[in-house]
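Chemist: In case it helps, the numbering used here puts the sequence shown at residues 1161 to 1454. Just so it is clear, CB atoms sit at the ideal spot from N, CA and C, and this is done for glycine as well. What you are looking at is a predicted structure, and each value in this text was computed from that prediction instead of being measured. Input: one structure, supplied below.
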Amino acid sequence: MSLAARVRAQAKINLILRVLAREESGFHSIETVFLRLDLSDDIVVRIVSGRSLDCSGPALPSGGLGPVESNLAYRAADEYARATGWPVGFAIEIEKHIPIGGGLGGGSADAGAVLRALDALSPNPLGPRLVELAAGLGADVPFMSIDRPMSLGWGRGERLYPLRPLDPRPILLAVPDFAIATGDAYAWLAASRGQYAPVGAVLAADALATWEEVAREATNDFEAVVARRHPVVAELTDRFRSMDALVALLSGSGSTVFGVFDQNPDDSEMRKVAGVRTIVSKTSDRVTRVERVE
């Protein structure tokens, strides 16, 4: 009987997202605060003789997710095998619930979950070194590969300082009917800045201990440039603020806009916006464990 593990790949939001100077490599450094949500994809990883990836679920686009070899979860398993020499084969099953291309880290969450599942099954787990492997897959993947629900992140997301998680709060996600390519968002931001390269700020962990403190610091450098091209983003953030959201921001590079609330929000106002659907979830104070299954 094959080894197998099941894990929830939790979505994330960025409570702070600052984009700094572009490095010689072409990548930008960032400063961010990651926070996981209860919203998640369901992942099963099996150790088998061949290699496969099957995707299903309500958030799966009608055209699928493209070539299997380009899928971030598949690439994560392939990189793990290359780095460790194990496993020779794997079968990954993903049930998608996180919107695609919405800035909620769905692909990165799947990749991080696959890495965690493989490490739980491995005869020689990488442990803390898993973050180093994750760093080559994308800026969100290192955070998604650790078992902490909230972290400061620097560099390309590979430098992480886990934080004491905030108390869970209801969150309302407003998801427009279009996606934002991360590369486009970076290009728009670079064009708006010209030669200006912002200097990093020092994010102090003790200044991020409560929702009220986070609300004072919350910002997303992508929000203005994305809203300039997609005015619905500004409309959604304005509606969230009129609903007294503790924090209302674009998530990642978009297109999802989120509002964090003290009490369960009424999403009727958001549902009035054409081309927008809503998802009600909660921020999370824990990361679900990997479970071995038969």
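Let me make sure I understand the geometry here. Which of 1189, 1443, 1395 and 1322 has the alpha-carbon closest to that of residue 1432?
Modeler: Taking the first residue of the sequence shown as 1, we reach residue 1432 at position 272. Comparing Cα-Cα distances from residue 1432 to each of 1189, 1443, 1395 and 1322, the minimum goes to 1395.
Chemist: In this structure, does DSSP put residue 1314 in helix, strand or coil?
Modeler: The residue labelled residue 1314 in the question sits at position 154 within the sequence shown. Looking at residue 1314 - three-state DSSP - the assignment turns out to be strand.
Chemist: Do residue 1406 and residue 1263 have their C-beta atoms closer together than 9 Å?
Modeler: Your numbering for residue 1406 matches position 246 in the sequence shown. Your numbering for residue 1263 matches position 103 in the sequence shown. In this structure, residue 1263 does not lie closer than 9 Å to residue 1406 by Cβ.
Chemist: Have a look at 1171, 1179 and 1193 and flag the residue whose alpha-carbon is nearest the alpha-carbon of residue 1321.
Modeler: Within the sequence shown, the letter at position 161 stands for residue 1321. Considering only alpha carbons, the answer is 1193.
Chemist: Expressed to the nearest angstrom, what Euclidean distance is found between the alpha-carbon atoms of residue 1326 and residue 1371?
Modeler: By one-based count along the sequence shown, residue 1326 stands at place 166. By one-based count along the sequence shown, residue 1371 stands at place 211. Taking the straight line from one Cα to the other gives about 7 Å.
Chemist: Below 8 Å CB to CB, which residues in the same chain sit around residue 1425 once its five sequence neighbours on both sides are set aside?
Modeler: For the purposes of this step, residue 1425 is identified with residue 265 of the sequence shown, where counting begins at 1. 1330, 1332, 1403, 1405, 1419 and 1440, listed in sequence order.
Chemist: For a quick check, are the C-beta atoms of residue 1196 and residue 1309 less than 9 Å apart?
Modeler: Working through the sequence shown from its first residue, we reach residue 1196 at position 36. Working through the sequence shown from its first residue, we reach residue 1309 at position 149. It is a contact, given that the beta carbons lie within the stated cut-off.
Chemist: Taking the straight line between their C-alpha atoms, what separation do you get for residue 1392 and residue 1235?
Modeler: Counted from its first residue, the sequence shown places residue 1392 at position 232. Counted from its first residue, the sequence shown places residue 1235 at position 75. When rounded, the distance between both Cα atoms is 34 Å.
Chemist: Can you give me the C-alpha to C-alpha distance between residue 1204 and residue 1164, rounded to a whole angstrom?
Modeler: Locating residue 1204 in the sequence shown gives position 44, where the first residue counts as 1. Locating residue 1164 in the sequence shown gives position 4, where the first residue counts as 1. Cα to Cα, residue 1204 sits roughly 7 Å from residue 1164.
Chemist: Applying the criterion that 16 or more other CB atoms from any shown protein chain within 10 Å of the CB defines a buried residue, is residue 1454 buried or exposed?
Modeler: As a position in the sequence shown, residue 1454 is number 294, starting the count at 1. Exposed, by the Cβ-count rule.
Chemist: Note the first and the last residue of the continuous beta strand (DSSP E) segment covering residue 1419.
Modeler: Against the sequence shown, residue 1419 aligns to sequence position 259. Residue 1419 -> beta strand (DSSP E) spans 1417-1420.
Chemist: I'd like the list of long-range same chain contacts for residue 1232, defined as Cβ closer than 8 Å, with 5 residues on each side in sequence excluded.
Modeler: Numbered from its first residue, the sequence shown carries residue 1232 at position 72. These residues qualify, in order along the chain: 1267, 1268, 1270, 1271, 1297, 1298 and 1301.
Chemist: Only counting the same chain, and skipping five residues up and downstream in sequence, which positions put a Cβ closer than 7 Å to that of residue 1277?
Modeler: Here residue 1277 refers to the residue found at position 117 when the sequence shown is read from its first residue. Only 1165, 1167, 1203, 1205 and 1450 meet the Cβ criterion.
Chemist: Return helix, strand or coil for residue 1116, following the three-state DSSP convention.
Modeler: Nothing about residue 1116 can be read from this structure; the chain reaches only from 1161 to 1454.
Chemist: Report the residue ranges of all alpha helix (DSSP H) runs contained in full by the segment 1260-1305; include only those spanning at least 4 residues, in chain order.
Modeler: You should have 1266-1281, 1290-1295 and 1301-1304.
Chemist: Of the residues 1344, 1237 and 1257, which one's Cα is nearest the Cα of residue 1249?
Modeler: In the sequence shown, residue 1249 corresponds to position 89, counting from 1. Cα-wise, what sits closest to residue 1249 is 1237.
Chemist: Quick one: what's residue 1320 bridged to in DSSP?
Modeler: The residue given as residue 1320 occupies position 160 in the sequence shown. Paired residues: 1313.
Chemist: Starting from residue 1381, trace the beta strand (DSSP E) in both directions and tell me its first and last residue.
Modeler: Taking the sequence shown and counting its residues from 1, one reaches residue 1381 at position 221. Unbroken run through residue 1381: none, as it is neither H nor E.
Chemist: Is residue 1256 closer than 9 Å to residue 1412 when the C-beta atoms are compared?
Modeler: Walking along the sequence shown from the start, residue 1412 turns up at place 252. Walking along the sequence shown from the start, residue 1256 turns up at place 96. No. Outside cutoff.
Chemist: Nearest to residue 1283 by alpha carbon, out of 1303, 1444, 1369 and 1240?
Modeler: Walking along the sequence shown from the start, residue 1283 turns up at place 123. The option with the nearest alpha carbon to residue 1283 is 1240.
Chemist: DSSP on residue 1386, reduced to helix/strand/coil?
Modeler: Along the sequence shown, one-based indexing puts residue 1386 at 226. Looking at residue 1386 - three-state DSSP - the assignment turns out to be helix.
Chemist: Determine whether the beta carbon atoms of residue 1258 and residue 1294 lie at a separation below 9 Å.
Modeler: Here residue 1258 corresponds to residue number 98 of the sequence shown, with the count starting at 1. Here residue 1294 corresponds to residue number 134 of the sequence shown, with the count starting at 1. No, the pair does not count as a contact, with Cβ atoms beyond the cut-off.
Chemist: Rounding to the nearest angstrom, what Cα-Cα distance links residue 1213 and residue 1228 in this structure?
Modeler: Position 53 of the sequence shown, counting from 1, holds the residue named residue 1213. Position 68 of the sequence shown, counting from 1, holds the residue named residue 1228. Each residue's alpha carbon lies about 7 Å from the other.
Chemist: Tell me the residue span of the alpha helix (DSSP H) that contains residue 1344.
Modeler: Position 184 of the sequence shown, counted from the start, is the residue given in the question as residue 1344. Start and end: 1342-1353.
Chemist: Identify which residue in 1415, 1422, 1398 and 1447 has its Cα closest to the Cα of residue 1436.
Modeler: Position 276 of the sequence shown, counted from the first residue, corresponds to residue 1436. Minimum Cα distance to residue 1436 is reached at 1415.
Chemist: Short check: CB of residue 1289 to CB of residue 1190, under 9 Å?
Modeler: Here residue 1289 is taken as the residue at index 129 of the sequence shown, counted from 1. Here residue 1190 is taken as the residue at index 30 of the sequence shown, counted from 1. No; because the gap between Cβ atoms is not below 9 Å, this pair is not in contact.
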